[in-house]
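Residue numbers (this note's numbering), protein chains in the order written: chain C, 1 to 211; chain L, 1001 to 1211.
Beta carbons are placed, not taken as given, at the ideal position from N, Cα and C, and that holds for glycine.
Here the structure is a predicted model, which means the values were calculated and not measured.
Accompanying notes for the structure given below.
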């Protein structure tokens, strides 16, 4: 068993620490955030930090790194009020990852990958046609994390598009049927297989499978 | 393709919406948070909302539901200043899920599962012996999400324990070797298999595999 203490974490090379800390907290989601500027330049960026905030109203959050450099995703949803969240599946890993390359502000990541803009129901931000599960979100608020200047962005989910056969009778979405991807750290892409669904747990009763 | 609009999301049955919204944003991590009260009662609770906040200093965050009912995890790390984050693997899914059952405050979830308390290097909170990857964290701060009363808790990672053979030369941790679990929504547990690791992407260059 390897043990890293605080002092060792402080003193290790910065890239080693970044990989270690990003990956040791477990699998994360892989989503492409789609936005468009007032001038009409689209942007696409991969995020692994989307979290559930609440279901009534439906809200999600994600972490944005400090605004010390210009973040097109941020400036776009601040201008328009809207962004899309497009789930990464097995077929689009490489293109999704490529959206993290540093292109100039007037270059759309859509033009540098095989991913295609899709506009649905007059929503004010582009979806990714190749994503199986797509969410249309309205920007609600942001919270600055004073410890390092990151922002927690809160959005309300206003539209959900997904294949009907993924949705169970109780609303649960079987992501492995969509070949959705889970990420490890900054650059690892893994394909999960469902093992089990477990019933709501009750004290002093054995937990049952729902499958 | 099924399309849920905002009005349909508002009007659907509450449990259906909870399952749908929790699962449609993608796979999440599965971690057991271990704490102990000043009186010495341990607590263990499963969380799927751990996110990366920063690597220098190493920080993670997680979302805690509103404090309208007593949350033992919260009161414990506020009392002691410390908590542990223990990754859920394939072998402990059922016990991890069972920690969400509503036990009285003086009952430790360790006593109601096969999970075992482990105290390492005099850290002030219990680890889970059966977890392959264990983090010791110090509570730093909390941010109230005004939209629904949830809290974003920020902790600094002070200790990391994990098997040495999971760690690549550049610090990246291969979670599938530990049989770490990814979750779908409130009750789905999936086992990921690594597909690829991709090099840092550069503009106008094809993205390369690191494997």
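Check, Outcome
"Chain C contact residues for residue 1150 of chain L, given Cβ-Cβ distances below 7 Å", "53 and 54"
"Residue 161 of chain C - DSSP class collapsed to helix/strand/coil", "strand"
"Proximity winner among C:76, C:103, C:56 and C:153, relative to residue 1202 of chain L (alpha-carbon distances)", "C:103"
"Beta carbon of residue 131 of chain C nearer than 9 Å to that of residue 72 of chain C", "no"
"Per-residue contacts from residue 123 of chain C into chain L (C-beta, under 7 Å)", "Simply none; closest approach about 11 Å."
"C-beta neighbour in chain L for residue 37 of chain C, strict 9 Å", "no"
"Sequence-distant residues of its chain with Cβ nearer than 8 Å to residue 188 of chain C (five each side left out)", "23"
"Neighbour list for residue 1078 of chain L in chain C, Cβ cutoff strictly below 9 Å", "Within chain C, no residue comes near residue 1078 of chain L; the closest Cβ sits about 17 Å away, beyond 9 Å."
"Nearest residue (CA-CA) to residue 1120 of chain L, options L:1114, L:1128 and L:1056", "L:1128"
"Closer than 8 Å at the beta carbon, the chain C residues around residue 1016 of chain L", "170 and 171"
"Close Cβ partners of residue 1153 of chain L (< 6 Å) along its chain, the five nearest in sequence each way excluded", "1062, 1064 and 1142"
"is_contact[residue 41 of chain C, chain L] using C-beta, thresh 9 Å", "no"
"Complete beta strand (DSSP E) runs within the segment 1092-1172 of chain L (minimum length 3 residues, chain order)", "1134-1145 and 1150-1162"
"Burial state of residue 20 of chain C (16 or more Cβ within 10 Å)", "buried"
"Interface partners of residue 85 of chain C on chain L, CB under 8 Å", "1025"
"Residues that residue 224 of chain C contacts on chain L, provided the C-beta gap is smaller than 9 Å", "No answer is possible for residue 224 of chain C: it lies beyond the span of chain C, which begins at 1 and ends at 211."
"Buried versus exposed call for residue 1050 of chain L [16 or more other C-beta atoms within 10 Å across all chains shown]", "buried"
"Cut-off 8 Å between Cβ atoms - residues of its own chain near residue 81 of chain C, not counting five sequence neighbours on either side", "124, 138 and 139"
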